[in-house]
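Count along the first sequence from 1, add 7, and you get the number used in the numbering used here. One structure is given below, encoded as structure tokens.
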Amino acid sequence: MKISIKDGPSGDIQAGVTVGGALSGLGVVDRDILAAKVDGAVVDLSSALSGNSVVETLRFDSAEGREVYRHSSTHLMAQAVKELFPSAQLTIGPALEDSFYYDFAFERPFTPEDLQRIEERAAEIIKRNLAITRREFSKQDAIDFFTSRGEHYKVELIQGFPDGEPITAYTQGDFVDLCRGPHLPTTGVIGAIKLLTTGGAYWRGDERNPMLQRIYGTSFPTQAEVDAYMARLEEIKRRDHRKVGKDLDLISIQDEIGPGLVLWHPKGATVRLLIENFWREQHIRDGYQLVYSPHTARLDLWKTSGHLDYYRENMFPSMKLEGSEYQLKPMNCPYHIMIYQSHLRSYRDLPIRYGELGTVYRYERTGVLHGLMRVRGFTQDDAHLFCRPDQMEHEVSRVLDFTFFVLQTFGFHQFDVFLSTRPKESVGSDEHWTLATSALEAALKSRNISFHLDSGGGAFYGPKIDIKIKDALGRSWQCSTVQVDFNNPERFELNYIGEDGKAHRPIMIHRALMGSIERFFGILIEHYGGAFPAWLAPVQAVVMNITDHQHDYVAAVVAQLKAAGFRVEPDLRNEKIGFKIREAEKAKVPFMLVAGNREMQDGTLSVRGRSGANLGSKTVAEVLDLLQAEVTHTQRELQPAH
RNA sequence: GCUGGCGUAGCUCAAUCGGCAGAGCAGCGGUUUUGUAAACCGCAGGUUGGAGGUUCGAUUCCUCUCGCCAGCUCCA
């Protein structure tokens, strides 16, 4: 049979030879080959070739190769666990993006000491270099086999599999695991394994099921790569917005105030103010009308909107007042709808775009609260667009342009875009769903945005586009969302008078660019590690004197810089210059302006950039230009694309 | 909400077996007048998250409770 290796040789190979055999037969000998893709399917190197095929070799540099590598790593870890803790039962153990986990049914949580031992045992199993072999069972044989081994969770899994299809398991030494594969040829292929953490996880992800013990780990071809991965985890920890937020005195969340309720300290509030000012300016420029709405409303409003039926478990309890009930707002939409409703609208009025930095309150279960990322009171950068069906695609395109422009201004340049379509349970006609979904898709295509399809992932009231940003550490965060809503226009009986003199129902689009200011701020903190660009830095420069002689000079310079609109603070304390520099560095101030006698005589300042850059001596006028240039650097990006 | 872990000074952390709650930094008062990431001396700082219990005696052991952390589930 004819075998051709992708990007490699090809030739005749005897039928029935394994992939690995074919590779070596064609002279492709490479210990880094982990598995192969034959006619599109990822297979073991030990799998047999049955006919003419195109074989693509998979190494650690491909996502599929890494998946096989991590998957075999979970088996390696599971084998180590079974050897040390025979009573632990196997459940499932998949590969993640750059790590893996395995869930065990075990009578107690694993301790860090256990982890240490498991890791050592895993390293030992690597040294044993056990062959990893595939085995097929009939369903009944598989059930008998795993029952005899006491692996009751595996048996439950097998029972859920369709009848008649062969069931596969992989064996390495005494260890056998139910698994579809594929896997590495031997345990010795794994270079370095590192176990990370333990935690609880429900069987099949359902909180009514028993709690299993999950162990997370990672593996790489070399120890150096493991070390680099661990260093990255350290960096993530170092940038944690909860730590940086405290260190830089930006925000606090205090027991006395309540969980998930954020206090914005002056420096955090300064950054927020800058974000909000930018947001408002740009919205006005982009044709939005800004509105305000109260934090509470009669409960009836939430009955009409349907929130009481669909969202109650996420709402704060209502409060009684003067014989009626009031509800703290979990959403801004009903208010914007009521503003729309306050007049009879003409087709000429549309589109109407209402924007609000609207603070909402949602009851989140205690276990899900997380710093600024998940809170109970937060401000959405919300807007609701009311438009005619024929305007939908254009409006969505505008929102997309606006979103990318805003996100890029804040230093985010990588995005993952998802288009979510109709879920099983939904309202609205097929016609509406098709119209809206194709409008969203057309808008994405018109902007040449590549996206992933999340089939059935839409809201019950309409399809949506979600945009996830990637931060400096490559992590994804969901912020922006554009959602079409068929539900609210119906519930509130929204109308506009068309050209034909008749009432028509407008389309409503919900959208948020940053999502929540709290979360976005948390992401920004971690993205920049607290070192905000000059236009966002709460303090842009600190002017420091070397001795008391320059006291008045520094005070005068600060006054001058402040008058020019910059956020500048003096540091006139009786401290050595090294100490003042250290404090300003710790506070992540972009510029440190030092004045000694030399500078005072020349009317200059010695300029130090963040993290030690010596920018030399500059006159006060030159410093003003420098600061202006830094701020304008961002402002240049502020030109909307349309 | 569930499983596990943890709450000690503003911050970071000590305190042996249940036996006088301690250090560094920050703060305050002095000394020092300093050249690019930590000058020196002194002072002050605590209901050990909260409530109850065991005990001659509880930061330490037990119960409850509040909060935080990790994981699960859920989400902006």
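Note that beta-carbon positions come from the ideal geometry of N, C-alpha and C, so glycine has one too.
Residue from G536, F499, A443 whose Cα sits closest to the Cα of V491: As a first step, residue 491 must be located in the first sequence, where it is residue number 484. Out of G536, F499, A443, A443 has the C-alpha closest to the C-alpha of V491.
Nearest by alpha-carbon distance to T178: which of Q415, Q86, N495 is it? Reading the first sequence from its first residue, position 171 is the one you call residue 178. Nearest C-alpha to T178: Q86.
In the DSSP assignment, what are the bridge partners of F419? Indexing the first sequence from 1 puts residue 419 at position 412. Beta-bridge pairing links F419 to no other residue.
How big is the Cα-Cα spacing for E606 and S300? Start at 1 with the first residue of the first sequence, and residue 606 comes out as number 599. Start at 1 with the first residue of the first sequence, and residue 300 comes out as number 293. E606 and S300: Cα-Cα distance of roughly 53 Å.
Quick one: what does DSSP say S445 is sitting in, helix, strand or coil? Taking the first sequence and counting its residues from 1, one reaches residue 445 at position 438. If DSSP states are grouped into helix, strand and coil, S445 belongs with the helices.
Distance between Y333 and L3 (C-alpha atoms, nearest Å): Outside the shown range of the chain, which is 8 to 649, sits residue 3, and nothing can be said about it.
Between the Cα of P470 and the Cα atoms of L460, K587, K477, which residue gives the shortest distance? Counted from its first residue, the first sequence places residue 470 at position 463. With distances taken between Cα atoms, P470 lies closest to L460.
Please state whether the Cβ-Cβ distance between G137 and L41 is less than 8 Å. For the purposes of this step, residue 137 is identified with residue 130 of the first sequence, where counting begins at 1. For the purposes of this step, residue 41 is identified with residue 34 of the first sequence, where counting begins at 1. Looking at the sequence itself, residue 137 is Leu, so the reference to Gly does not match. Not closer than 8 Å, so no.
Counterpart residues of V61 in DSSP-defined beta bridges: Numbered from its first residue, the first sequence carries residue 61 at position 54. Paired residue(s): S11.
To which residues does DSSP link I139 through a beta bridge? Start at 1 with the first residue of the first sequence, and residue 139 comes out as number 132. In DSSP, I139 forms a bridge with Q179.
Nearer than 7 Å: is that true of the beta carbon of G619 relative to any heavy atom of the ligand SAM? In terms of ligand content, the structure shown is empty, and the ligand SAM therefore cannot be addressed.
V36: buried (16+ other C-beta within 10 angstroms of its C-beta) or exposed? As a working mapping, residue 36 is identified with position 29 in the first sequence. It is exposed - the Cβ of V36 has fewer than 16 other Cβ atoms within 10 Å.
Along the alpha helix (DSSP H) that carries A566, what are the first and last residues, could you check? Working through the first sequence from its first residue, we reach residue 566 at position 559. Taken as a continuous stretch (DSSP letters only), the alpha helix (DSSP H) holding A566 covers 558-570.
Distance, L97 Cα to I456 Cα: Counted from its first residue, the first sequence places residue 456 at position 449. Counted from its first residue, the first sequence places residue 97 at position 90. For I456 and L97, the distance between alpha carbons rounds to 43 Å.
Report the residue from I584, R617, A544, K583 whose alpha carbon sits nearest the alpha carbon of T277. The residue you call residue 277 lines up with position 270 of the first sequence. Cα-wise, what sits closest to T277 is A544.
Can you name, in chain order, every residue of its own chain whose Cβ lies under 6 Å from the Cβ of K587, other than the five neighbours on each side? The residue you call residue 587 lines up with position 580 of the first sequence. Around K587: M551, D578.
Round the Cβ separation of Q387 and G365 to the nearest angstrom and send it over; I've been treating them as touching at under 8 Å. Your numbering for residue 387 matches position 380 in the first sequence. Your numbering for residue 365 matches position 358 in the first sequence. Confirmed, Cβ separation roughly 5 Å.
Skipping 5 residues on each side, what residues in its chain have a beta carbon closer than 7 Å to that of F227? Locating residue 227 in the first sequence gives position 220, where the first residue counts as 1. G198, A199, V233, Y236.
Considering only C-alpha positions, which residue in the set F499, E629, S80, V61 is nearest to I346? On the first sequence, position 339 is the one that residue 346 refers to. The residue with the shortest Cα to Cα distance from I346 is F499.
Taking only three categories from DSSP, how would you classify Q547? Counted from its first residue, the first sequence places residue 547 at position 540. Three-state result, Q547: coil.
From N59, S487, V575, E126, pick the residue whose C-alpha is nearest to that of K201; which is it? As a first step, residue 201 must be located in the first sequence, where it is residue number 194. Here the closest residue by C-alpha is E126.
Candidates V61, D181, E241, of which the one nearest E90 by Cα: Against the first sequence, residue 90 aligns to sequence position 83. Considering only alpha carbons, the answer is D181.
Decide if P324 is buried, meaning its Cβ has at least 16 other Cβ atoms within 10 Å, or exposed. By one-based count along the first sequence, residue 324 stands at place 317. Looking at its Cβ environment, which holds fewer than 16 other Cβ atoms inside 10 Å, P324 is exposed.
For C486, does the three-state DSSP call read helix, strand or coil? Numbered from its first residue, the first sequence carries residue 486 at position 479. Collapsing the DSSP output to three states places C486 in a strand.
How about V298 and H350: are their beta carbons less than 8 Å apart? Walking along the first sequence from the start, residue 298 turns up at place 291. Walking along the first sequence from the start, residue 350 turns up at place 343. Result no, Cβ atoms of V298 and H350 do not sit closer than 8 Å.
Residues of its chain near E71, where Cβ-Cβ distance is below 7 Å and the 5 sequence neighbours each way are ignored: Sequence index remark: in the first sequence, residue 71 carries index 64 (1-based). Cβ within range, chain order: K44, V49, L65.
Just the C-alpha distance for L600 and Q289, rounded to the nearest angstrom, thanks. Against the first sequence, residue 600 aligns to sequence position 593. Against the first sequence, residue 289 aligns to sequence position 282. C-alpha separation (whole angstroms): 32 Å.
For the beta strand (DSSP E) that contains C394, what are its first and last residues? Locating residue 394 in the first sequence gives position 387, counting from the first residue. First-last of the beta strand (DSSP E) with C394: 384-394.
Spatial distance of A149 from R124 (CA atoms): Within the first sequence, the letter at position 142 stands for residue 149. Within the first sequence, the letter at position 117 stands for residue 124. Between A149 and R124, the C-alpha separation is close to 31 Å.
Beta strand (DSSP E) runs wholly inside the segment 28-116, at least 3 long, in chain order: Within the segment 28-116, the runs of beta strand (DSSP E) that reach at least 3 residues and sit entirely inside it are, in chain order, 42-45, 48-50, 60-65, 107-112.
Exposed or buried, which one is M375 when buried takes at least 16 other CB atoms within 10 Å? Against the first sequence, residue 375 aligns to sequence position 368. Correcting the residue type first, residue 375 is Val in the shown sequence and not Met. Exposed.
What are the boundary residues of the beta strand (DSSP E) that V24 is part of? As a first step, residue 24 must be located in the first sequence, where it is residue number 17. Where V24 is concerned, there is no enclosing beta strand (DSSP E), given that its DSSP letter is neither H nor E.
Can you tell me whether F409 is helix, strand or coil according to DSSP? In the first sequence, the residue the question calls residue 409 occupies position 402. It is helical.
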